[in-house]
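Here the UniProt record's numbering is used: position 35 in the sequence shown is 35, and no number is missing along the way. Working notes for the structure below.
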Amino acid sequence: MSTTPSVPTANGGRSRPLRLSERQILDAARACVLSAGVHDTTLNDVARRAGVSRMTLYRRYSDIGSLISEVLGHEFARILREHTAEPADGPPDPRQARSRLVDTVLNVVRAFHADPLMHQVLQAEPEILMPYLVNRFGSTQQIAVTLLAHRLDAGYRDGSIRRGSIAVQAHTIVLTAQAFIVSAAASGPVPVSRLLVELGSMLDAYLSPRVSEIDGAGVAANGSGPVAGDGGCAGDRAAPDLTPNA
1 MSTTPSVPTA
11 NGGRSRPLRL
21 SERQILDAAR
31 ACVLSAGVHD
41 TTLNDVARRA
51 GVSRMTLYRR
61 YSDIGSLISE
71 VLGHEFARIL
81 REHTAEPADG
91 PPDPRQARSR
101 LVDTVLNVVR
111 AFHADPLMHQ
121 VLQAEPEILM
131 PYLVNRFGST
141 QQIAVTLLAH
151 RLDAGYRDGS
161 IRRGSIAVQA
171 HTIVLTAQAF
181 IVSAAASGPV
191 PVSRLLVELG
201 SMLDAYLSPR
211 VSEIDGAGVA
221 ANGSGPVAGD
231 GGCAGDRAAP
241 DLTPNA
């Protein structure tokens, strides 16, 4: 993995690498939040820990809230990159797209639960996430939608995923997954590991082709390819529009 972090972009790509001072500031802000919490972290604390002047910090961030938002955005984008990246080498995954997509979502949800910064926010100051849950999708959620769009398209091609609107399906999966991230603690005695088993079953059932879409040979009725588990090859199809808002 690259040791030089990059600024995440809403389309899932990477822009310019972070400059040293930017990396120092974000790392310092993350450390401050982990040690003192969101509400007790100040720009002065971050400047002192980062070893930069307060004026350097004030020129870039109007208040601590804007800095914390950027820290969370980078943290969450990092989790997505690490747990959705296709292997650069080695044999290709022989499983069909639906199985790969479901496992990827479960791995991402599991990683969010294991992340110390996310744990700190959810345990002590969950209200900081409210704008992204009730008002709008943030850049990380848009990255997730774009990544899912490509996984859904692969499932359309191999016939393992029910055809529909890629945009609607991708947004539905993101909304479902984030509920299992943010609200899991409300389940009380039910462990997260059990919840993830149910999430996997839910997503698999949601994405499976309907019986009416499958012919007797185990191929989707629209000719898109074999259903999961039949070992066949995907049919040739024109790629659908992957634009999230399509």
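Cβ atoms here follow ideal geometry from the backbone N, Cα and C, with glycine treated the same way.
Same chain only: Cβ atoms within 6 Å of S165, ignoring 5 sequence neighbours per side: Nothing listed; no residue qualifies.
How far does the alpha helix (DSSP H) with P116 in it extend, from its first residue to its last? In the DSSP assignment, P116 falls within the alpha helix (DSSP H) that extends over P116 to A124.
At the level of alpha carbons, what is the spacing between H74 and F112? If I take the Cα positions, the gap works out to 13 Å.
What residue from D153, H83 and L106 has the CA that sits closest to D176's CA? At residue 176 the sequence reads Thr, which differs from the Asp that was named. For T176, the nearest C-alpha among the options comes from L106.
Would you mind giving the Cβ-Cβ distance between I68 and A29, rounded to the nearest angstrom? I have them listed as a contact below 8 Å. I68 to A29, Cβ: 7 Å. Contact.
Is Q169 helix, strand or coil by DSSP? If DSSP states are grouped into helix, strand and coil, Q169 belongs with the helices.
For the stretch 153-163 against the stretch 81-97, are there 3 or more C-beta pairs whose distance is under 8 Å? Below 8 Å, enough C-beta pairs join the stretch 153-163 and the stretch 81-97 to call them touching: three or more.
Alpha-carbon spacing of Q142 relative to L72, whole angstroms: C-alpha separation (whole angstroms): 14 Å.
Measuring only the C-alpha atoms, how far is S201 from A149? Approximately 20 Å, taken between the alpha carbons.
Straight-line CA distance for A217 to V33? With a pLDDT of only 42 at A217, under 50, the local geometry of the prediction cannot be trusted, and no value is derived from it.
To the nearest angstrom, how far is the alpha carbon of S224 from that of S208? Only weak support exists for where S224 lies, its pLDDT of 44 falling under 50; the coordinates are left without a value.
Secondary structure at E198, three-state DSSP: helix, strand or coil? In this structure, E198 counts as helix in the three-state DSSP scheme.
Buried versus exposed, by CB contacts within 10 Å (16 or more), V190: Under the 10 Å beta carbon count, V190 is surrounded by fewer than 16 other beta carbons and is classified as exposed.
Quick one: residues in its chain with C-beta nearer than 7 Å to the C-beta of N11, no 5 flanking neighbours on either side, listed in chain order? For N11, the pLDDT reaches just 40, beneath the cut-off of 50, and the residue's location in the model is therefore unreliable, although a value from the coordinates is still provided. Once the five neighbours on either side are set aside, the close Cβ partners of N11 are T146.
Taking Cβ to Cβ, would you say V38 is nearer than 8 Å to V121? Yes.
Could you say which of T41, A179, S66 and S21 lies nearest to G51 if we only look at CA atoms? Here the closest residue by C-alpha is S21.
Taking the C-alpha atoms as reference points, what is the distance between D40 and M118? So the two alpha carbons sit approximately 16 Å from each other.
Determine the extent of the alpha helix (DSSP H) in which E70 is found, giving its start and end residues. I64 to T84 is the extent of the alpha helix (DSSP H) around E70.
Local Cβ density within 10 Å of S62, reported as buried at 16 or more and exposed below that: Counting of Cβ neighbours within 10 angstroms places S62 among the exposed residues, the total staying below 16.
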